[in-house]
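Encoded as structure tokens, the structure appears first; notes follow it.
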Amino acid sequence: MQPDAEGRFGRFGGKFVSETLMASLEALDKAWQSSRNDPEFLEEYKSDLKHFVGRPSPLYFAEHLTRDVGGAKIYLKREDLNHTGAHKINNTIGQVLLARKMGKKRIIAETGAGQHGVATATVCARFGLQCIVYMGADDIARQALNVYRMKLLGAEVRPVTSGSRTLKDALNDAMRDWVTNVDDTFYIIGTVAGPHPYPEMVRDFQRVIGVEARKQIQQLEGRLPDAVVACVGGGSNAIGIFHPFLNDKEVRLIGVEAGGLGIETGKHAAPLTVGKVGVLHGNRTYLMADEHGQIIETHSVSAGLDYPGVGPEHSWLKDIKRAEYCAINDDEALAAFRTLNRTEGILPALESSHAVAHGMKMAAEMSKDQVVVINLSGRGDKDIHTVAQIDGVTLGDLL
Numbered sequence: 001m002q003p004d005a006e007g008r009f010g011r012f013g014g015k016f017v018s019e020t021l022m023a024s025l026e027a028l029d030k031a032w033q034s035s036r037n038d039p040e041f042l043e044e045y046k047s048d049l050k051h052f053v054g055r056p057s058p059l060y061f062a063e064h065l066t067r068d069v070g071g072a073k074i075y076l077k078r079e080d081l082n083h084t085g086a087h088k089i090n091n092t093i094g095q096v097l098l099a100r101k102m103g104k105k106r107i108i109a110e111t112g113a114g115q116h117g118v119a120t121a122t123v124c125a126r127f128g129l130q131c132i133v134y135m136g137a138d139d140i141a142r143q144a145l146n147v148y149r150m151k152l153l154g155a156e157v158r159p160v161t162s163g164s165r166t167l168k169d170a171l172n173d174a175m176r177d178w179v180t181n182v183d184d185t186f187y188i189i190g191t192v193a194g195p196h197p198y199p200e201m202v203r204d205f206q207r208v209i210g211v212e213a214r215k216q217i218q219q220l221e222g223r224l225p226d227a228v229v230a231c232v233g234g235g236s237n238a239i240g241i242f243h244p245f246l247n248d249k250e251v252r253l254i255g256v257e258a259g260g261l262g263i264e265t266g267k268h269a270a271p272l273t274v275g276k277v278g279v280l281h282g283n284r285t286y287l288m289a290d291e292h293g294q295i296i297e298t299h300s301v302s303a304g305l306d307y308p309g310v311g312p313e314h315s316w317l318k319d320i321k322r323a324e325y326c327a328i329n330d331d332e333a334l335a336a337f338r339t340l341n342r343t344e345g346i347l348p349a350l351e352s353s354h355a356v357a358h359g360m361k362m363a364a365e366m367s368k369d370q371v372v373v374i375n376l377s378g379r380g381d382k383d384i385h386t387v388a389q390i391d392g393v394t395l396g397d398l399l
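The opening position of the sequence shown corresponds to residue 1 in UniProt numbering, with each subsequent residue numbered one higher.
Set out below in structure tokens:
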């Protein structure tokens, strides 16, 4: 399923940007369209996924979690085992190869939880490119480990102190940088949002998750799963695992947003669950907005889900009812985080913990001969300080 010539998925997507960026977006689209079927480009991309990222990632039967929950078998797609610890590296490898092909020497990016920033800094280090990462000041405080990782890799991290001091405003500043330095700069967007061709391009770089999961579950169970579950902030890991299953109508696709302190409190990040249609960061999609159409501040315990918009293809999948979307609140995500720690010895990212929480709920209501696949989009090392703070633990006191 592809967007139309204007980059729209139904009424969503498009290119809502300043005239200054139109020529660069058209050049990027041209480079992407010529590369996506170029055997030499694809061979280099696949080689890097195998030898640098470590793909394929395993599809792991969570036997102890399944027994603890009761009901359906639970499998985990282990994107947390990729190099740098998340699915983000799949996309940054692809985009940095495009940047090199286009002759761009300066790379910019934005990040919330830091995983996209780390992945971008990593590929820039490997290819010898200048790297600047915009990050909200609040996210810098709660993801200090990833900030230090980026600096070790040679990246400059620029704090963003405007607005909500989170991912939304980091993206605003990255856009401003791109407008100013468009001639020599390539903007690596980390999710399936932004103006066309980013939603399509990032999706295609992340499709490897679903392609592998579809093949692996058939090898392990001899059939397709009954449901595939993934967390949704911007939505790149979810669209990556959903897309190869879109034509398998018997497979339910469920995206899990950040319910924060509860949908009824208004302090959440769930635009697909209760949002409105509008334009943000260059595309039309579902948003968190007030009655005047102004973007409102979001809340989530997970920095990576703390975003008021979502990729336009998810909005379209919601409207045509091919995918279902729901919300899991902070407490439920933290409980799932601890359950997976205890039962399987895995510390998931807090983003992924939202998907684990909903997958556990579903599995408990399903029969033992059914199968649920949950995308474990990243590892939780980066979130240890957040969890420790919630627990009232000072890590230095443990030494």
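Note that beta-carbon positions come from the ideal geometry of N, C-alpha and C, so glycine has one too. In this text the structure is predicted, and so the values were computed from the model without any measurement.
Enclosing alpha helix (DSSP H) for residue i [first to last residue]
| i | result |
| --- | --- |
| G210 | 198–221 |
| T339 | 330–344 |
| A230 | Taken as a continuous stretch (DSSP letters only), A230 belongs to no alpha helix (DSSP H), being part of the beta strand (DSSP E) at 227–231. |
| T374 | Sequence check: residue 374 is Ile here, not Thr. Unbroken run through I374 is the beta strand (DSSP E), 371–376; no alpha helix (DSSP H). |
| F127 | 115–127 |
| Y45 | 39–48 |
| L272 | 271–274 |
| R100 | 88–101 |
| K321 | Where K321 is concerned, there is no enclosing alpha helix (DSSP H), given that its DSSP letter is neither H nor E. |
Residue i versus the options, residue with shortest Cα-Cα distance
| i | options | result |
| --- | --- | --- |
| W32 | G94, L21, V232, E19 | G94 |
| K15 | I328, I346, P348, G311 | G311 |
| L25 | A364, F337, L261, Y187 | Y187 |
| R252 | L224, T166, G234 | L224 |
| A109 | P195, G136, A174, T166 | A174 |
| D319 | R11, A5, T185 | R11 |
| V211 | D184, N375, Y286 | N375 |
| V147 | H116, N172, R176, L28 | H116 |
| L317 | H299, V17, K249, G396 | K249 |
| D29 | K101, V69, E63, N172 | K101 |
| V279 | Q294, L81, I390 | Q294 |
First and last residue of the uninterrupted beta strand (DSSP E) at residue i
| i | result |
| --- | --- |
| G255 | 252–260 |
| A109 | 106–111 |
| R158 | 156–160 |
| V179 | Element bounds for V179: not the beta strand (DSSP E) but the alpha helix (DSSP H), 167–180. |
| L287 | 283–287 |
| Q143 | Careful: Q143 lies outside any beta strand (DSSP E) and carries neither H nor E. |
| K267 | No beta strand (DSSP E) contains K267, which DSSP labels as neither H nor E. |
| M135 | 130–136 |
| T185 | 185–187 |
| I296 | Careful: I296 lies outside any beta strand (DSSP E) and carries neither H nor E. |
| F61 | 59–61 |
Beta-carbon separation (whole angstroms), residue i vs residue j, contact threshold 8 Å
| i | j | result |
| --- | --- | --- |
| C131 | A121 | 5 Å |
| S353 | A336 | 5 Å |
| A327 | A258 | 7 Å |
| I89 | V133 | Not really, about 15 Å apart at Cβ, beyond 8 Å. |
| S18 | N237 | So it is not a contact: roughly 30 Å between Cβ atoms. |
| T191 | G235 | 6 Å |
beta-carbon residue i near the ligand FAD non-hydrogen atom, thresh 6 Å
| i | result |
| --- | --- |
| L253 | Among the components of this structure there are no ligands whatsoever, and the ligand FAD is therefore not found. |
Whether residue i touches residue j by CB criterion (7 Å)
| i | j | result |
| --- | --- | --- |
| A303 | D139 | yes |
| G255 | A144 | no |
| A230 | I217 | no |
| Q206 | N91 | yes |
| L305 | A349 | no |
| D226 | V373 | no |
| H299 | G262 | no |
Short CB-CB distance (under 7 Å) between residue i and chain C
| i | result |
| --- | --- |
| E351 | You won't find chain C in this structure, because it holds only one protein chain. |
For residue i, the residue or residues it bridges with in DSSP
| i | result |
| --- | --- |
| P348 | R379 |
| L280 | N283 |
| G13 | R8, R284 |
| Y307 | Partner(s): none; Y307 has no beta bridge. |
| R78 | L376 |
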